[in-house]
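Asks: Let me give you the structure first, and then I'll get to my questions.
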Amino acid sequence: MSTDNTKPSPTRNIPEELLSPYDPTATEEAIYTTWKESGFFNPDICIEKGIAEPDAPTFSMVLPPPNVTGVLHMGHAAMLAVEDILTRFERMRGKRTLWLPGSDHAAIATQSKVEKELQKKEKKNRHDLGREAFLERVHAFAQDSHDNIVDQIAKMGASVDWSREAFTLDEARGKAVNEAFIRMYNDGLIYRGYRVVNWDPKGQTTISDDEIVHEERQASVYTFRYGKDFPIPIATTRPETKVGDTAVAVHPDDARYSAFVGKEYDVTFCGVPLHIRIIADKDVDPEYGTGAVGVTPAHSMVDFAMKERHDLPMIQVINEYGKMDVGEPRLKGKKTTDAREEIVSWLKEENLLEKEEEITQNISTAERTGGIIEPLPKLQWFVNVNKEFPFQGHNIKGIAHGEIVTLKKLMHEVVENGQTTIMPERFAKTYNHWIDNLNDWCISRQIWYGHRIPVWYKKTEDGGDIHVGTEAPEGENWQQDPDTLDTWFSSGLWTFSTLGWPEETDDFNIYHPTTILETGYDIIFFWVARMILMTTYLIGDIPFKYVYLHGIVRDSQGRKMSKSLGNTMDPRDAITLYGADATRMSLIIGAAVGNDINLGEDKIRAQKKFANKIWNASRFVMTQCADFDASQETILTKSDTENLKELDGLVAEITNDIEHFRLYLAAEKLYHYFWHRFADVIIEESKARITDGTPEDKHAAQYILSTILTTTLKLLHPFMPFITEKIWSLMPGHTTLLIVEKWPKGT
RNA sequence: GGGCGGCUAGCUCAGUCAGGUUAGAGCGUCACAUUGACAUUGUGAAGGUCACAGGUUCAAUUCCUGUGUCGCCCACCA
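Those letters in the first sequence? Residues 1227 to 1973, per the numbering used here, in order.
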């Protein structure tokens, strides 16, 4: 430092630390440690220390548990900022405030990540290691990610109660998962069924409908007949599946084909004998293609549904590896794409192909592995969303105890009756639409990392026994189901599994239902809907009163951040360069509920300047008020009174905005007020009064400055916790922490 | 195919889901000033037919209808 000491020093009364420009990196870690050690993140300690009354209203929220697949991105940072603002606000308002952290094992995402690494580094797959050894690897990876994530959450300043931290795959959550599964099984809401499911040949597991991503591809659609004498031509994009056809469906009113309905034909299709029945089904669109559909019950969900309606046979011709599984040597063992070519050339040879056209079609791929979904018939576990059962709870408006309901009905009801409010409102429509089109949820996965299905099988002479329970029953040879549960099954329990359920705990009684769920709109189906499903059924109550959906953080041009575009921004870098406070502010300003956030570095830099402004203004006020005597009588001028009135107005507005989740507005107003009213005008005007004014005038000016500073620091604290806490600690007479100061009230 | 959202200053967005004087902010740009809280500064300026077209109204960026455009979600017309 090259500070020369020759100048008269107006700064002699301020603490050393305030002299240099604000340096977030030097401050933040120590401040976070102070908070953590104070215990104020934990509501029990707040009550113990008199910060919150024992009977104060509660504010509770779970942290959407980040996946233990790596590090946090800007979207997480935005989420943490919003949630921490709400938490700090309510804590300062004296509520019993709980923000409960944790992480998600993210079954398939984590496993496939570890598998990829294993393949890349050691050229091994999970079977080379075996279940136990492989799981050890996954656990080590998950632990590592977890530690990183915890560190990042702290760096953002999140005031989560670490003493209650949970993990979706820990022992306590395992109990909740088993309890939920067993109850649902006993009520007939979970069943095992042989159905066509979404099979991911790459990940070698089933996945749910929601884990499918549609991708547009060019494809050929072929119009042909099974044989020369077959009366009806059909069209398909997947000729290779046609060796599994057992019917041709036409519309009941289609005059062209009505004469054939009910007839049966035997043909040999590319060497494979087929027995085809002509059926009439209203699901067939007579306008499309030839108006006739080849029905392949084993390899198409719609066709499977037709099979159920018309009692057709089902022949599986493709196996789990996406290879043909039929006797004909031309096809057997071939990949589906190769088999397709074989069949097309066979059709040409036989002169059966009538037309070939190019179309764009949507192809189903697996979200995590990118594998192309192969619909296959498999014996799997499902949650039945349409099954009727008597409602066991008491806390859902409009539904009486014992009333016959379905899971769909419960999910609809709590949003419709206003018990749970989805924000922004438009997403309630999306939510309802999703429920209306919801099919049974396939919850079993053929992967190793996750909650093992609590079901036991035993082979017997006349088939087998099944037992649903946490432990194997008495007797020999019981084998647990090798499959694990969809990761969202355990996250669906998150609002209450984290509070000790199924035990009757104080935490559960006090903090459930939670006040608000803040999460990204991209997981409204995966998670929000599943939580509502699980909670309404298992608890007979809502999981949360409000759902605050935030958008996606994009780059400054509105593009999605992605590694391939090279426009990603690591929150850790942003924090290092500009500080956590600036990073938080940049993610809040301009981010209305449900809107995507365009974030450029400029925006963060601007907020760092703001932090510096706060720092310097505070330093100035402290200097000027060093000789302020609070015991002296204050005579305010008219403009002083107006300034205080304006401050009161600000307090009221900020309070109102946060209460209504308009954080972006509150942040902008604070920014504007502090900089352009307080610093630019009020402080400027005070300068002359303090240097040249009468003692009374000087005193009044000092009173105004310190009052405004004190109040604005409180208002700013939820948004910029580190710098405000730091300044607070440097102000004379402050021995307590700003984090638990009382939120200001307008007069 | 169904549904949803955006379109306001060069860029990113506000405009508080109850229409009304010169439509706001940040960043950027330009000019000037200042080293006595802060050059991470101050003052000032330029810059907008509020996508377009109809309609309702005394009055529309704001309400209604339609069009265009960009984007998103859902959906196995084989």
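Glycine included, C-beta positions come from ideal geometry on N, C-alpha and C.
Check for me: the alpha helix (DSSP H) holding T1731 runs from which residue to which?
Replies: Per DSSP, T1731 belongs to no alpha helix (DSSP H) and is neither H nor E.
Asks: Check whether the Cβ atoms of W1660 and F1751 sit closer than 7 Å, and answer yes or no.
Replies: Contact: yes.
Asks: Any idea what DSSP makes of G1419, helix, strand or coil?
Replies: In the structure shown, G1419 sits in a strand (DSSP, three-state: E or B).
Asks: Below 7 Å between beta carbons: does that hold for I1692 and P1739?
Replies: The answer is no: Cβ separation not under 7 Å.
Asks: For P1234, count neighbouring Cβ atoms within 10 angstroms of its own Cβ and tell me buried if that reaches 16, exposed if not.
Replies: In this prediction, P1234 has a pLDDT of 36, which is less than 50 and means its spatial position is unreliable; what the coordinates show is noted afterwards. Exposed: under 16 other Cβ atoms inside 10 Å.
Asks: Determine the burial state of T1229: buried for a count of at least 16 other Cβ atoms within 10 Å of its Cβ, exposed for fewer.
Replies: Confidence at T1229 is low in this model, with a pLDDT of 35, below 50, so the placement of that residue should be treated as unreliable; the coordinate-derived value is given next. Classification of T1229: exposed, given that the 10 Å Cβ count is below 16.
Asks: Could you pull the start and end residues of the alpha helix (DSSP H) that W1954 belongs to?
Replies: Start and end: P1947 to L1956.
Asks: The alpha helix (DSSP H) that contains Q1345, what's its start and end?
Replies: A1333 to E1348 is the extent of the alpha helix (DSSP H) around Q1345.
Asks: Can you name, in chain order, every residue of its own chain whose Cβ lies under 6 Å from the Cβ of F1715, other than the five neighbours on each side?
Replies: Answer for F1715: I1669, listed in chain order.
Asks: Determine the burial state of V1907: buried for a count of at least 16 other Cβ atoms within 10 Å of its Cβ, exposed for fewer.
Replies: Under this definition V1907 is an exposed residue.
Asks: Below 8 Å on the Cβ atoms is my guess for Q1587 versus T1463; work out the distance and round it to an integer in Å.
Replies: At roughly 6 Å, the Cβ-Cβ gap stays under 8 Å, so Q1587 and T1463 are in contact.
Asks: For L1862, which residues from the same chain have a beta carbon less than 8 Å from its beta carbon, with the 5 sequence-adjacent residues on both sides left out?
Replies: Here the set comprises L1870, A1926, Y1929 and I1930.
Asks: Classify G1597: buried if its beta carbon has 16 or more other beta carbons within 10 angstroms, exposed otherwise.
Replies: G1597 comes out buried.
Asks: Closer than 6 Å by C-beta to T1232: which residues in its own chain qualify, once you throw out the five before and the five after it? Chain order, please.
Replies: With a pLDDT of 35 at T1232, under the threshold of 50, the modelled position of this residue cannot be trusted; read the value that follows with caution. Cβ within range, chain order: n/a, list empty.
Asks: Can you give the Cα-Cα distance for V1640 and V1819, rounded to whole angstroms?
Replies: C-alpha separation (whole angstroms): 21 Å.
Asks: Pick helix, strand or coil for I1750, following the three-state DSSP scheme.
Replies: I1750 falls in the helix class under three-state DSSP.
Asks: Indicate whether A1398 and G1676 have their beta-carbon atoms separated by less than 7 Å.
Replies: Against a cut-off of 7 Å, the Cβ pair of G1676 and A1398 comes out as no contact.
Asks: Can you give, in chain order, each stretch of the alpha helix (DSSP H) that sits fully within the stretch 1891-1933 and has at least 4 residues?
Replies: Qualifying alpha helix (DSSP H) stretches, in chain order: 1910-1918.
Asks: Measure from the alpha carbon of H1525 to the alpha carbon of each residue in T1721, D1688 and T1562, then state which is nearest.
Replies: Closest option to H1525, Cα to Cα, is T1562.
Asks: Rounded C-beta distance between Y1890 and G1816? I'm assuming under 8 Å.
Replies: About 6 Å; that satisfies the 8 Å criterion.
Asks: Measuring CA to CA, which of W1753, R1888, K1508 and M1540 is closest to H1501?
Replies: Nearest C-alpha to H1501: M1540.
Asks: Alpha carbon to alpha carbon, how far is E1309 from R1810?
Replies: One C-alpha to the other measures close to 11 Å.
Asks: With 16 other CB atoms within 10 Å as the buried threshold, where does S1857 fall?
Replies: Exposed is the call here.
Asks: Could you check whether the stretch 1420-1431 touches the stretch 1526-1537, counting it as contact only if at least three pairs of C-beta atoms, one from each stretch, sit closer than 8 Å?
Replies: Short answer: they touch.
Asks: Would you mind reading off the limits of the beta strand (DSSP E) that contains E1466?
Replies: Looking at the DSSP string, E1466 is not in any beta strand (DSSP E), and its letter there is neither H nor E.
Asks: In angstroms with no decimal places, state the Cα-to-Cα distance between Q1833 and I1840.
Replies: Computed Cα separation, rounded: 10 Å.
Asks: Helix or strand or just coil, what does DSSP make of S1788?
Replies: Coil.
Asks: When you compare only the Cα positions, how much space is there between P1484 and P1478?
Replies: With the sequence shown as reference, residue 1484 is identified as Ser, and Pro is not the correct amino acid for it. Distance between the alpha carbons of S1484 and P1478 is about 7 Å.
Asks: Would you kindly report the start and end of the unbroken beta strand (DSSP E) that includes K1604?
Replies: From DSSP, the beta strand (DSSP E) with K1604 extends over E1600 to V1609.
Asks: Ignore the nearest five residues each way along the sequence and tell me which others in A1893's own chain have a CB closer than 7 Å to its CB.
Replies: M1811, I1814, I1815 and F1945.
Asks: Between the C-alpha atoms of K1342 and L1361, what's the straight-line distance to the nearest angstrom?
Replies: Distance between the alpha carbons of K1342 and L1361: 14 Å.
Asks: Looking at L1573 and F1450, is the spacing between their C-beta atoms short of 7 Å?
Replies: Contact flag set, yes.
Asks: Could you check the C-alpha separation between M1787 and H1302 for me, to the nearest Å?
Replies: Going by the C-alpha atoms only, they are around 13 Å apart.
Asks: Just to confirm my understanding: we take P1250, look at its own chain, exclude 5 residues before and 5 after, and list those with CB closer than 6 Å. What are they?
Replies: Once the five neighbours on either side are set aside, the close Cβ partners of P1250 are G1805.
Asks: How many angstroms separate the CA atom of T1761 from the CA atom of I1505?
Replies: If you take the alpha carbons of T1761 and I1505, they lie about 43 Å apart.
Asks: Counting C-beta neighbours from all protein chains within 10 Å, is the total for M1227 16 or more, i.e. buried, or is it exposed?
Replies: Unreliable placement is indicated for M1227, whose pLDDT of 34 sits below 50; no coordinate value is reported for it.
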